[in-house]
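Everything below concerns the one structure shown next.
Protein chains: 2
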Amino acid sequence: MAGTETTTRKGERTRALILETALDLFRERGYDATTMRLIAERADVALGNTYYYFRSKEHLVQAFYERVDDAQRVETAAALVHETDLKTRLRIVVRAVIEIMQPYHRFAGSLFRSAADPRSPLSPFGPESTEARRKGIPLLAEVVDGSKTWVPDDLRAELPRLLWLYQMGVVLFWIHDRSPEYVRTERLIDHTTEIVARLISLASLPVLRPLRRRTLRLLADLQVNELSLSNPV
Amino acid sequence: MAGTETTTRKGERTRALILETALDLFRERGYDATTMRLIAERADVALGNTYYYFRSKEHLVQAFYERVDDAQRVETAAALVHETDLKTRLRIVVRAVIEIMQPYHRFAGSLFRSAADPRSPLSPFGPESTEARRKGIPLLAEVVDGSKTWVPDDLRAELPRLLWLYQMGVVLFWIHDRSPEYVRTERLIDHTTEIVARLISLASLPVLRPLRRRTLRLLADLQVNELSLSNPV
DNA sequence: GTCTATAACCGGATAGAC
DNA sequence: GTCTATCCGGTTATAGAC
């Protein structure tokens, strides 16, 4: 038993080493220029060994996603405790993702490549990443719940998913942003968080009620099906 | 000169042959399973020759985009002539894209892979596809202009781009849609065209004016920069 | 169970001869 | 314009060492 533990620990160290090396290389040279052979060489392991721990190059990217997600939760926790303004809360969270990914900007581009393919295990919409969504969406729920803005119940139920989508949109924009220090993305975040927050407030207005109902009905409609697809019992 | 013409013509024939073969194969077996070697073999040309006409496998996809775009314009022209309802006009156009792409559903997934990568020449947001946008967006402008809905001038200027984005969103949804006969996408289109049309009507309401102004200002802001990036003089 | 070494397969891409 | 030969890198397979 001590033996297994030791080997397991060694295995974990090796796994971590490979991942660290891969992320370094991704950061330095992007996705394509980082060959599996290079990762193995730099980590001082055999090529076959990297495949022992990561079934494919894309699985290394999964690990990257998880990193970002964890970091986002950790790094926003403190700031969210004392903030009650919805717009500000949203901005804190969205800015955090961008800041965390910043060193990997180039890499993130090629990365989203696989993300857009529904048959890729890395697609954020596919069943394989149900867990990633499960981990990511609650943070957006917390953004809403911790704010002083009043949100009608029916909307509150769907809002986290919507905000998660919004966040994905911002990331997609940032990936294409070539402006110095990503000022365009900054601007986008500042304006859109304001717009989103206002929209949420306005949503309870009587004039907008039919629109809101219709939108929510659509979402519920689509959601049911998505869940039954993603979570076959 | 007759000589050049002949060779040119022959070149065009070969090019068309390769493209046709490639699209057939894409339709039959998807992107990955269609190897460049297979295309060459089936088209009865040498592997190197396909690279003579299409710099990369991805460039074959460019050709696919153009096909879809052209077909969309042709196939909606008649229906648009007599229709003045904004919602219906929008639905006609969006449905057309989906219908045209239908045989290529599997293929379209892997296709959007490259589309999401900003450094890929296929990214619909990148400078390389400025032309694709130039060709695609006017149809959405026509959707608005030909409708009886009154649209304030400031909004009218930005609307085509927004609707184009909306259309891209629908396509993205469809790509991930695994429901039989894509009923979920059908539903999405029916509901969202309604929602979009209502939003456009509501946009002129006084309550929504600040929101609209702010949104348009953001768009204009970002647009200026995008154009200066995409079209360096 | 963890790891090395090595060879091989496959497919996208390129070079250079004809 | 077209071909053959070759490179390169993701991935797989094997055989064996600790």
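Chains as they are written, first to last, in my numbering: chain G, 116 to 348; chain C, 116 to 348. Cβ coordinates follow ideal geometry from the N, Cα and C atoms, glycine included. All values derive from a computational prediction rather than experimental measurement.
Can you tell me which of the three DSSP states R293 (chain C) falls into? coil
Once the 5 residues before and after A256 (chain C) are set aside, which same chain residues still bring their CB inside 6 Å of it? Around A256 (chain C): P275.
Cβ neighbour criterion (16 or more within 10 Å) applied to W289 (chain G): So W289 (chain G) ends up on the buried side.
Backbone secondary structure at K202 (chain G) - three-state DSSP: In the structure shown, K202 (chain G) falls within a helical segment according to DSSP collapsed to helix, strand and coil.
Please return the same chain residues whose Cβ sits closer than 6 Å to the Cβ of D292 (chain C), not counting the five positions on each side in sequence. For D292 (chain C), the CB contacts under 6 Å within the same chain, skipping 5 residues up- and downstream, are R299, T300 in chain order.
Is L326 (chain C) closer than 7 Å to T264 (chain C) when the C-beta atoms are compared? no
Are the Cβ atoms of R157 (chain C) and T136 (chain C) separated by less than 7 Å? yes
Cutoff 7 Å: T150 (chain C) Cβ touching any chain G Cβ: no
Where the stretch 310–330 of chain G meets chain C: residues whose CB sits under 9 Å from a CB there: I310, R313, L314, L317, L320, V322, L323, P325, L326, R329, T330
Contact set between F227 (chain G) and chain C, taken where Cβ atoms lie within less than 8 Å: Neighbours of F227 (chain G) across chain C, judged by C-beta separation under 8 Å: A231, D232.
Against F240 (chain C), what residues of chain G qualify as contacts under a CB-to-CB distance less than 7 Å, listed in chain order? Those are H291, listed as they occur along chain G.
Span of the alpha helix (DSSP H), counted from its first residue to its last, around G163 (chain G): Following the DSSP letters along the chain, one finds G163 (chain G) inside the alpha helix (DSSP H) bounded by residues 162–168.
Kindly indicate which three-state DSSP category L344 (chain C) falls into: helix, strand or coil? Residue placement at L344 (chain C) cannot be trusted, given a pLDDT of 40 that sits under 50; what the coordinates show is reported in the next sentence. DSSP places L344 (chain C) in helix when its eight states are reduced to three.
Nearest to M283 (chain C) by CA position, among C:L162, C:I304, C:Y166, is which residue? C:I304
Can you confirm whether G224 (chain G), when its beta carbon is compared against all beta carbons of chain C, has any partner nearer than 7 Å? yes
Does the stretch 141–151 of chain C touch the stretch 211–229 of chain C, meaning 3 or more C-beta pairs lie closer than 8 Å? yes
According to DSSP, simplified to helix, strand and coil, what is D159 (chain C)? coil
Mark D196 (chain G) as exposed unless 16 or more other C-beta atoms lie within 10 angstroms of its C-beta, in which case mark it buried. One detail in the question is off: residue 196 (chain G) reads as Val in this sequence, not Asp. Under this definition V196 (chain G) is an exposed residue.
Can a CB atom of chain C be found closer than 7 Å to the CB of H306 (chain G)? Chain C, which has a Cβ nearer than 7 Å to the Cβ of H306 (chain G), makes this yes.
Opening and closing residue of the alpha helix (DSSP H) in which Y180 (chain C) lies: 172–196
Just tell me which of G:R188, G:T165, G:H174 has its CA closest to the CA of R152 (chain G). G:T165
Here's the rule I'm using: 16 or more other beta-carbon atoms within 10 Å means buried, otherwise exposed. How should D260 (chain C) be labelled? exposed
Just to confirm, are I213 (chain G) and T191 (chain G) a CB contact at a threshold of 7 Å? No, the Cβ-Cβ distance between I213 (chain G) and T191 (chain G) is not below 7 Å.
Ignore the nearest five residues each way along the sequence and tell me which others in D184 (chain C)'s own chain have a CB closer than 8 Å to its CB. A247, K250, G251
Beta-carbon separation of R188 (chain C) and L134 (chain C) under 7 Å? no
Whole angstroms are fine: how far does the CA of T330 (chain G) sit from the CA of S294 (chain C)? 20 Å
Among G:I310, G:M216, G:L317, G:T307, the one whose alpha carbon lies nearest that of F141 (chain G): G:M216
Would you please verify whether the beta carbon of L333 (chain G) is less than 7 Å from any beta carbon of chain C? yes
Check whether the Cβ atoms of L205 (chain C) and T123 (chain C) sit closer than 7 Å, and answer yes or no. Taking C-beta atoms as the reference points, L205 (chain C) and T123 (chain C) fail to come closer than 7 Å.
Going by the beta-carbon positions, is the gap between S319 (chain C) and P267 (chain C) smaller than 7 Å? Cβ atoms of S319 (chain C) and P267 (chain C): closer than 7 Å.
Contact defined as beta carbons within less than 8 Å: I believe V285 (chain C) pairs with V209 (chain C). What is the distance between those atoms, to the nearest angstrom? The beta-carbon separation of V285 (chain C) and V209 (chain C), rounded to 6 Å, stays under the 8 Å limit for a contact.
Going by C-alpha distance, which of G:A211, G:E181, G:R182 is nearest A193 (chain G)? G:A211
Euclidean distance between Cα positions of H174 (chain C) and D336 (chain C): Computed Cα separation, rounded: 32 Å.
Could you please give the first and the last residue of the uninterrupted alpha helix (DSSP H) stretch that includes L314 (chain G)? 298–317
Members of the stretch 194–227 of chain G that neighbour chain C once the beta carbon cut-off is set at 7 Å: Residues passing the 7 Å Cβ filter: G224, S225, F227.
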